[in-house]
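What follows is a single structure, written as C-alpha cells, with notes after it.
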C-alpha cells in the first residue's frame with residue numbers, strides 16, 4: 018500500500034484530505050507543521066508528499082528545498098497544495114523541484130487523479146531502472162555502460178585489492194594514531210587518489226578521473242566571482258602536491274575568498290572522491306610521510322563519510338550503480354528522440370545532452386541532485402536513444418592560462434591595447450561554460466563579463482554596457498530569445514551584437530524576431546569565437 022504524507026496546518030482541510038486518500042486505498046499520515054513533516058519524511062520516506070505552502074515553523078518551500086538537498090529524499094514525489102495561483106508562485110515552486118500543484122479548493126477527483134498520476138510516473142521510473150539493471154547484467158555490451166573504468170561484476174578484483182570497508186578501517190586506525198602524512202589509494206581500475214592527514218584529521222583528498230573539473234565546479238558554485246584566468250598565479254604552484262588545495266590557501270591569503278568559502282569547497286571535493294571510491298569498490302593503499310605545507314581546516318571523518326555514504330546509497334537504491342556520474346550523456350538517436358518528445362523538449366535535451374557535460378555538471382546546471390538527473394534519463398538510456406560517453410578532464414588552470422593567445426589572422430582580432438578596451442559579455446547558467454569563455458576571451462586580450470543568473474542579466478548589462486553579448490539559448494526562467502527581445506527594446510542595446518550559443522541549429526525565424534545577430538555552435542572553439550567577434554566589432558573601434 019502506497020504511503021502518503023500530508024503536511025497541512027488547517028485541521029479541517031487536512032482531515033478531509035486524509036479521509037479522501039484513505040477511501041482511495043492509500044496509507045496516510047498527517048502533520049500540521051513544516052518541521053515535523055520534514056523530520057517524518059526524512060525518517061520514513063513516504064511514496065508521495067502533499068504539502069501546503071503556508072505553514073508554521075517551515076513553509077512549504079523550505080520543506081521542499083531541504084528534501085531536494087538530501088540525497089535520500091531528493092527523488093520523493095512532491096505536490097504543493099495552495100490557494101495561490103499566481104504564475105510567479107507556481108514557477109518558484111517548480112524551480113525548487115515540485116512535481117505538481119493542486120489549487121485550493123479542489124475536488125476529491127482532482128486530488129486522487131493528481132496523486133495517481135504522480136505515483137504512476139514514479140513507478141514507471143522504477144520499472145525502467147529495474148529493466149536497465151537487468152539488461153546491464155545480461156548483455157555483453159550496453160550503450161550506457163562505461164567499459165574502461167569499472168570491472169564487470171563477474172570479474173574478480175586482483176587479490177591485493179580490498180573492499181572499501183577495509184580502507185575505512187585503515188582510516189579509523191590512522192585517526193586513532195594521529196597520523197600526519199599522505200595515504201595513496203589505487204583502485205583495481207587504475208584510478209588513484211591521495212588523502213592528506215594532519216594528526217589523524219583529514220585535510221583534503223584529490224585525484225581520480227576529474228580532478229580539475231571537480232575542483233573548478235565546486236569553486237564556481239561557492240565562489241562564482243573567482244575568474245582564474247585573471248589572477249596572477251605562480252606557475253610553480255601547479256607542480257605542487259594537491260595544487261588545488263594550496264591554491265585555495267593562496268586565494269585566502271590574497272583575500273579573494275574567505276574561510277567560509279573554503280569549508281564547503283573542501284568538504285564537497287572530499288565527499289565526491291569518497292563516492293567515486295565507493296563505486297569502484299576494490300582499492301589498495303599505502304602510507305607516506307609526505308604532508309601538506311599548510312592546514313586550511315581539519316575535517317572529522319564523519320563530516321565526509323556520512324554524506325558520501327548517503328549519496329552512494331541513494332545511487333544504489335535508484336539502480337544507478339553501473340552509471341558513472343563523471344560520464345556525459347550524449348543523444349545518439351536524435352530522430353527517435355524527436356518522435357518521443359515535443360519540439361521544445363527535443364530542443365532542450367539535444368542542447369544539454371551533447372556529450373560535453375557530465376551528469377554531475379548537468380546536476381549543477383539543472384540545480385538538482387546527480388541521482389535525480391540520472392533517474393530522469395533512464396528511459397532514454399534503456400532505449401539507447403542516449404548513451405554515456407567518457408569525458409576528458411579540464412586542463413589545470415595554469416595550463417589553460419599559459420596557452421598563448423590566438424595569433425592575429427585575417428579572421429581573428431589581434432591581442433592589443435585596443436582589444437583590452439573592449440568588453441565581451443557571456444550569459445550562461447553553466448559555471449563551466451562561463452569559465453571556458455572567460456579563459457578564451459581573456460587570453461585573446463578582451464575584458465570579460467560573465468553572468469550566470471539570467472534574471473539579473475539585463476540589470477548587469479545596463480551597468481557595464483558590453484560591446485558584444487554571447488547568450489546561451491537554453492536557460493531556466495528566461496531563454497536566450499526572451500533576453501534578446503528585452504534587450505532590443507532598450508535603446509542602449511538596439512545595435513549591440515547579440516550572438517546565441519547553442520548545441521543545435523537555432524530557429525532562425527524566431528531568432529530574427531528576437532533581434533539575434535548571429536549564432537555560434539557549442540562547444541565553442543577559440544578560432545570560431547574570435548572570428549565571430551571580428552565579424553561584428555574591430556579592435557580599433
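Numbering (our numbering), first residue to last: 18 to 558.
Here a beta-carbon is modelled for each residue, glycine too, at the ideal position from N, C-alpha and C.
These numbers come from a predicted model, not from an experiment.
At the level of alpha carbons, what is the spacing between residue 207 and residue 497? As a first step, residue 207 is located in the chain shown; it is residue number 190 there, counting from the start. As a first step, residue 497 is located in the chain shown; it is residue number 480 there, counting from the start. Roughly 42 Å between the two C-alpha positions.
Going by other Cβ atoms of all chains shown within 10 Å of its Cβ, with 16 needed for buried, is residue 21 buried or exposed? Counted from its first residue, the chain shown places residue 21 at position 4. Flag for residue 21 reads buried.
In its own chain, which residues sit with a C-beta less than 8 Å from the C-beta of residue 191, not counting the 5 before and 5 after it? Translated into positions along the chain shown, residue 191 becomes position 174. Cβ within range, chain order: 200, 214, 217 and 304.
Using only CA atoms, which one of 368, 369 and 387 lies nearest to residue 377? The residue given as residue 377 occupies position 360 in the chain shown. Ranking the options by Cα distance to residue 377, first place goes to 387.
Can residue 468 and residue 477 be called in contact, C-beta distance under 7 Å? Position 451 of the chain shown holds residue 468. Position 460 of the chain shown holds residue 477. Taking 7 Å as the Cβ cut-off, residue 468 and residue 477 qualify as a contacting pair.
Is the beta carbon of residue 224 less than 7 Å from the beta carbon of residue 211? By one-based count along the chain shown, residue 224 stands at place 207. By one-based count along the chain shown, residue 211 stands at place 194. Yes, these two residues count as a Cβ contact at 7 Å.
State yes or no: is the C-beta of residue 82 within less than 7 Å of the C-beta of residue 128? By one-based count along the chain shown, residue 82 stands at place 65. By one-based count along the chain shown, residue 128 stands at place 111. Not closer than 7 Å, so no.
How about residue 279 and residue 313: are their beta carbons less than 7 Å apart? As a working mapping, residue 279 is identified with position 262 in the chain shown. As a working mapping, residue 313 is identified with position 296 in the chain shown. Cβ atoms of residue 279 and residue 313: closer than 7 Å.
Do you know how far the Cα of residue 269 is from the Cα of residue 240? Counting from one through the chain shown, the residue named residue 240 turns up at place 223. Counting from one through the chain shown, the residue named residue 269 turns up at place 252. If I take the Cα positions, the gap works out to 12 Å.
Where residue 463 falls: helix, strand or coil (DSSP): In the chain shown, the residue the question calls residue 463 occupies position 446. The answer is coil: DSSP assigns residue 463 none of H, G, I, E or B.
If I'm right that residue 441 touches residue 463 with Cβ under 8 Å, what's the distance once you round it to whole angstroms? Numbered from its first residue, the chain shown carries residue 441 at position 424. Numbered from its first residue, the chain shown carries residue 463 at position 446. At roughly 5 Å, the Cβ-Cβ gap stays under 8 Å, so residue 441 and residue 463 are in contact.
Is it the case that the Cβ atoms of residue 285 and residue 227 are separated by a distance below 7 Å? Within the chain shown, residue 285 is the residue found at index 268, counting from 1. Within the chain shown, residue 227 is the residue found at index 210, counting from 1. Contact: no.
Nearest-angstrom Cα separation, counted from residue 188 out to residue 179: As a working mapping, residue 179 is identified with position 162 in the chain shown. As a working mapping, residue 188 is identified with position 171 in the chain shown. Going from the Cα of residue 179 to the Cα of residue 188 covers about 14 Å.
Rounding to the nearest angstrom, what Cα-Cα distance links residue 347 and residue 353 in this structure? Mapped onto the chain shown, residue 347 falls at position 330. Mapped onto the chain shown, residue 353 falls at position 336. Distance between the alpha carbons of residue 347 and residue 353: 13 Å.
Go through its chain and collect everything with a Cβ distance to residue 49's Cβ below 6 Å, but skip five positions before and after it. The sequence position of residue 49 within the chain shown is 32, counting from 1. Counting only Cβ-Cβ distances below 6 Å, and skipping sequence neighbours, we find 26.
From 69, 96 and 506, residue whose alpha carbon lies closest to that of residue 133: Numbered from its first residue, the chain shown carries residue 133 at position 116. Considering only alpha carbons, the answer is 96.
Suppose you measure from the CA of residue 542 to the CA of residue 460; what does that come to, to the nearest Å? For the purposes of this step, residue 542 is identified with residue 525 of the chain shown, where counting begins at 1. For the purposes of this step, residue 460 is identified with residue 443 of the chain shown, where counting begins at 1. Looking at the two C-alpha atoms, the distance is approximately 13 Å.
Do you know whose CA, among 322, 63 and 504, lies nearest residue 182's CA? Taking the chain shown and counting its residues from 1, one reaches residue 182 at position 165. For the residues 322, 63 and 504, the minimum Cα distance to residue 182 belongs to 322.
Using the beta-carbon count (16 or more within 10 Å), is residue 42 buried or exposed? In the chain shown, counting from the first residue as 1, residue 42 sits at position 25. With fewer than 16 Cβ atoms within 10 Å of its Cβ, residue 42 is classed as exposed.
Since residue 472 and residue 483 should fall inside the 8 Å C-beta cutoff, what is the C-beta to C-beta distance between them, to a whole number of angstroms? As a working note, residue 472 is residue 455 in the chain shown. As a working note, residue 483 is residue 466 in the chain shown. Residue 472 to residue 483, Cβ: 18 Å. No contact.
From the DSSP output, in three-state form, read off residue 533 for me. As a first step, residue 533 must be located in the chain shown, where it is residue number 516. Looking at residue 533 - three-state DSSP - the assignment turns out to be coil, as it is neither helix nor strand.
Between residue 340 and residue 371, what straight-line distance do the alpha-carbon atoms span, to the nearest angstrom? For the purposes of this step, residue 340 is taken as the residue at position 323 of the chain shown. For the purposes of this step, residue 371 is taken as the residue at position 354 of the chain shown. In a straight line, the C-alpha of residue 340 is about 17 Å away from that of residue 371.
For residue 66, count neighbouring Cβ atoms within 10 angstroms of its own Cβ and tell me buried if that reaches 16, exposed if not. In the chain shown, the residue the question calls residue 66 occupies position 49. Classification of residue 66: buried, given that the 10 Å Cβ count is 16 or more.
Taking one C-beta from the stretch 286-302 and one from the stretch 326-335 each time, how about it: are there three or more such pairs within less than 8 Å? yes
Local conformation of residue 374 per DSSP, three classes: Walking along the chain shown from the start, residue 374 turns up at place 357. Coil.
For residue 360, name the three-state secondary structure that DSSP assigns. One-based indexing of the chain shown puts residue 360 at position 343. Of the three classes helix, strand and coil, the one that applies to residue 360 here is helix, per DSSP.
Taking the continuous beta strand (DSSP E) assigned at residue 69, which residues delimit it? Taking the first residue of the chain shown as position 1, residue 69 is located at position 52. Start and end: 65-69.
Option nearest residue 510 by Cα separation, candidates 481, 494 and 489: Taking the chain shown and counting its residues from 1, one reaches residue 510 at position 493. Residue 510 has its Cα closest to that of 481, out of 481, 494 and 489.
DSSP on residue 404, reduced to helix/strand/coil? What you label residue 404 is simply residue 387 of the chain shown in a count that begins at 1. In the structure shown, residue 404 sits in a strand (DSSP, three-state: E or B).
Proximity winner among 534, 367, 495 and 402, relative to residue 540 (alpha-carbon distances): Counted from its first residue, the chain shown places residue 540 at position 523. Nearest C-alpha to residue 540: 367.
Inter-residue spacing [alpha-carbon to alpha-carbon] between residue 37 and residue 46: Numbered from 1 along the chain shown, position 20 holds the residue referred to as residue 37. Numbered from 1 along the chain shown, position 29 holds the residue referred to as residue 46. Cα to Cα, the separation comes out at about 12 Å.
Considering only residues of the same chain and omitting the five flanking positions on each side of residue 363, which have a CB-CB separation below 7 Å? Counting from 1 along the chain shown, the entry for residue 363 is found at position 346. For residue 363, where only same-chain residues beyond five positions count, the Cβ hits under 7 Å are 354 and 355.
My understanding is that residue 533 touches residue 515, with C-beta atoms under 8 Å, so please give their C-beta distance in whole angstroms. Counting from 1 along the chain shown, the entry for residue 533 is found at position 516. Counting from 1 along the chain shown, the entry for residue 515 is found at position 498. Indeed they touch by this definition, with Cβ atoms about 6 Å apart.
For residue 212, name the three-state secondary structure that DSSP assigns. Sequence index remark: in the chain shown, residue 212 carries index 195 (1-based). Reduced to three states, the DSSP call for residue 212 is strand.
Determine whether the beta carbon atoms of residue 136 and residue 119 lie at a separation below 7 Å. Counting from one through the chain shown, the residue named residue 136 turns up at place 119. Counting from one through the chain shown, the residue named residue 119 turns up at place 102. No; because the gap between Cβ atoms is not below 7 Å, this pair is not in contact.
Sequence-distant residues of the same chain with beta carbon closer than 6 Å to residue 504, five excluded per side: Within the chain shown, the letter at position 487 stands for residue 504. Correct list, in chain order: 510.
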